[in-house]
Amino acid sequence: MSDLASGGGAAANGSESSSRMQVGVAGDADLSVLDRALYTLFSRHADTRRHAADRKRHRGAAMSTSFDVYVARAYGLSWIACGLVAAWTFAVVSAVPSPFAAVVTTGGGGYVDVGSIPPLYVAAAVAGIAGTAAKYATVRLAGVRLRWRTRARRTGIERTLPGAARFLTALSSGSDGPRAMLRRVADNDAYGETAVSIRAALTTASLTGSLNEGIGRVARDTPSRDALAPFLLKFREHAAQGDDALTGYLTLESRMLGHRSEQTRERNADMMELVAELFVVLLVLPALLVLVLTVMSVLTPGLSAEIATPFGTVSRRAIAVYGAAGAVLVFGVAAAAFVSDLRPTDQRAHYAPPRDPSSLLRSVPRNPASAAVALVPVGGVALGGLLAGGVDPVNAALLGYAAYAVPVGGVALRRGRVDDAKDREISDFVHAVAGRVALGEPLAAAVEHAARNVDLGRLNPDVADLAFALGIGSGREEDVQTGALRRFTERVGTPLAAQTIGLVSGALDAGSDADAVFETLQAEVGRLYHEKRALRANMFVYVAVGWTTALLVVGIVVAVNLTVLDGFSDLASLSTGGGALDPTAVDPERDRRRFYVVAQATVLSSGLFAGAAGRGGYAMLLHSGALVVVCYAVFAVAGLL
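Residue numbering for the sequence shown follows my numbering, beginning at 6 and increasing consecutively.
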């Protein structure tokens, strides 16, 4: 642990020297010609008081560029936005008639003839105001982006820190020092933003020659001031006291962080209830709004008045109806993204398609990422065929989307069930191996026994491959075990396997006691599997909420189409043109189409929400595509298409 105390002289000036080194590298070697020009023109703004808070956020945002370069790019982009918005506004305003009256009163009581002011001057003034606003908004958005990225990193750190602490606890029984222990966490992608922060600490330690300085720098700059910062500082303090003190601290801290993580999950569950309630209300309201507008248009002819737009003349009611449909889609996407963000990172499956085209095609039935790439032509062919067959563009687009989304989502569902089956068996596999290791058997013999005598279902081929790799490996035992376990983790391909088996390979490679490692692993795999099952059970309620909301809106819209529209059409026709009723307010065919568009927008959003609450990712395609088909089928059977 001498590396915690070494490098005192270098650490004294570490912050200043590394900062200058970063600026020098960014300014002299890594920047493009455009960045160099922007840096020369606008980097002075980075030192102003206006960006003091942004500089602090930049330290915790883990950006790939220095703050000066980031600010210079923001100001350069702001001038581009200013020019584009000013030019567009000038062109539009100069082509639109002046909305002002013929004269306006001045402050002195006189009158100025607005018509005497050249229209180009008015357009230039409005364009200047709009361009200035766009420039200011662009700079502000750059600061907002830093705030969002910092907040996202803080959330990511707090979600992955408990797992990293448990991994460090298992490593602490080995022969590795603090720097090597942190390096193993940094090299493990399963620990997300925590691994990124520890990599930054190790990089600083390499530059300054002191791990003490690297930990202090990250603890100062991290956005997770209540979790990661005290954890790293106490890690440094206990590491300086000795191995026993560090092991005791990590054991206690991993328990405390686990308890804190459980409280966070409870808060997320409460937040999810609120989101679901808002989701139901905001997705049902647009359908009711369309119904109210249909009623009011009979009594209020002004709603049928047409307004000139760049896309032609459109009635006010049409703008409101299609605007409501667009708002539903935006809200659905936002709700799905928010629900996906609430899902813990350690329970998100990630799939990658093979780069080789033949391998990609072969993996379509079992890899959703491959299916998402390979089935794009299916959706395109379906869209083209429907358009060629005379189907209207709205239905062609919806059914083309469903033709792509449902098969991809089906592959993801099948893969998810296979992964669930493997996760169920991992617990039995770990317990079987741990029992043999506790009796003094080598890991290879324990895995061989499990492969031959324990029925592990979907996991049998992977365990057999692991036993074979452990049996024929040559070289240092720790290297053979690490390589075989890493291959096993990749074959299983689930987040649970990455966290649990990855813990074993890293701890054994560090020389940790095998019995202690597997004891920790048994508790870890049981806890993680229980959390997964609990999350799945809780989220199933919100899957049902999404489907129920979609079917409820479809039922309301179909009922209104079948029973209400014809009645209002007859009521409007009673007017002869001079009464209070608008005889053209209700057109059943036109209004049925508008109702259908709103219904499809609602079921599409509901499907995205249900999929995000279910398994996330590709499940959103399955649920949204299936609900689109259901809505189309219901309207077709009812004779409303």
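Backbone N, C-alpha and C fix where the C-beta goes; we use that ideal spot for every residue, glycine too. Here the structure is a predicted model, which means the values were calculated and not measured.
Query: Beta-carbon contacts of A451 that lie in its chain and below 7 Å, excluding the five residues immediately before and after; Result: V438, R441, V442
Query: Test item: CB-CB of R64 and R152 under 8 Å; Result: no
Query: Per-residue DSSP class, three states only, for V548; Result: helix
Query: Spatially closest choice to E198 from G179, A169, L464, I220, by CA coordinates; Result: A169
Query: Neighbourhood of F236 by C-beta, 8 Å cutoff - its chain only, sequence neighbours within 5 removed; Result: L166, A170, E258, L262
Query: Distance, Q605 Cα to A379 Cα; Result: 26 Å
Query: Cutoff 7 Å; reference S229; Cβ partners in own chain excluding five residues on either side; Result: R159, I162, E163
Query: Distance between beta carbons of V639 and V563, contact taken as under 8 Å; Result: 6 Å
Query: Same chain, Cβ closer than 7 Å to A474, neighbours up to 5 away in sequence not counted; Result: A489, R492
Query: Among R598, P291, L392, R204, the one whose alpha carbon lies nearest that of L557; Result: P291
Query: Alpha carbon of S83 to alpha carbon of A91, nearest angstrom; Result: 12 Å
Query: Touch test, the stretch 263-282 against the stretch 195-213, Cβ-Cβ under 8 Å, three pairs minimum; Result: no
Query: Boundaries (first-last residue) of the alpha helix (DSSP H) holding Q605; Result: 593-619
Query: Beta-carbon proximity list for F434, same chain, < 8 Å, skipping 5 on both sides; Result: A455, V459, L461, L464, V468
Query: CB contact flag (G337, S610, <8 Å); Result: yes
Query: Pick from A555, E594, T318 that is closest to L287, judged by C-alpha positions; Result: A555
Query: Secondary structure of E198, DSSP reduced to three states; Result: helix
Query: Nonlocal neighbours in the same chain, by C-beta distance under 6 Å from A31, ignoring five residues either side; Result: Caution is warranted here: a pLDDT of 39 is assigned to A31, below 50, making its placement in the model unreliable, and no coordinate value can be reported.
Query: Touching by the beta-carbon criterion (3+ pairs, under 8 Å), the stretch 409-416 and the stretch 617-632; Result: yes
Query: Backbone CA spacing between V76 and F47 [nearest angstrom]; Result: 7 Å
Query: Exposed unless 16 or more other CB atoms sit within 10 angstroms - verdict on P500; Result: buried
Query: The stretch 413-432 contacting the stretch 525-539, beta-carbon criterion three pairs below 8 Å; Result: yes
Query: Buried versus exposed, by CB contacts within 10 Å (16 or more), I506; Result: buried
Query: Three-state secondary structure assigned by DSSP to A643; Result: coil
Query: Member of M68, Y80, A66, S69 whose CA lies at the smallest distance from the CA of T45; Result: Y80
Query: Top-ranked residue by Cα proximity to L613, from P466, R598, G560, A407; Result: A407
Query: Straight-line gap, V190 to P183 (C-alpha atoms, nearest Å); Result: 11 Å
Query: Own chain, CB closer than 6 Å to G584, minus 5 neighbours either side, in chain order; Result: Only weak support exists for where G584 lies, its pLDDT of 47 falling under 50; the coordinates are left without a value.
Query: Close Cβ partners of G551 (< 6 Å) along its chain, the five nearest in sequence each way excluded; Result: S611, F614, A615
Query: Contact the stretch 355-362 vs the stretch 370-386: 3+ CB pairs below 8 Å; Result: yes
Query: C-alpha distance - A472 paired with E453, whole-angstrom precision; Result: 5 Å
Query: Contacts around H50, its chain only, beta-carbon distance under 8 Å, and the 5 residues preceding and following it disregarded; Result: H56, V76, A77, Y80
Query: Counted within 10 angstroms of its Cβ, other Cβ atoms place R348 as buried (16 or more) or exposed; Result: buried
Query: Close Cβ partners of V416 (< 6 Å) along its chain, the five nearest in sequence each way excluded; Result: P373, A376
Query: First and last residue of the uninterrupted alpha helix (DSSP H) at E430; Result: 398-443
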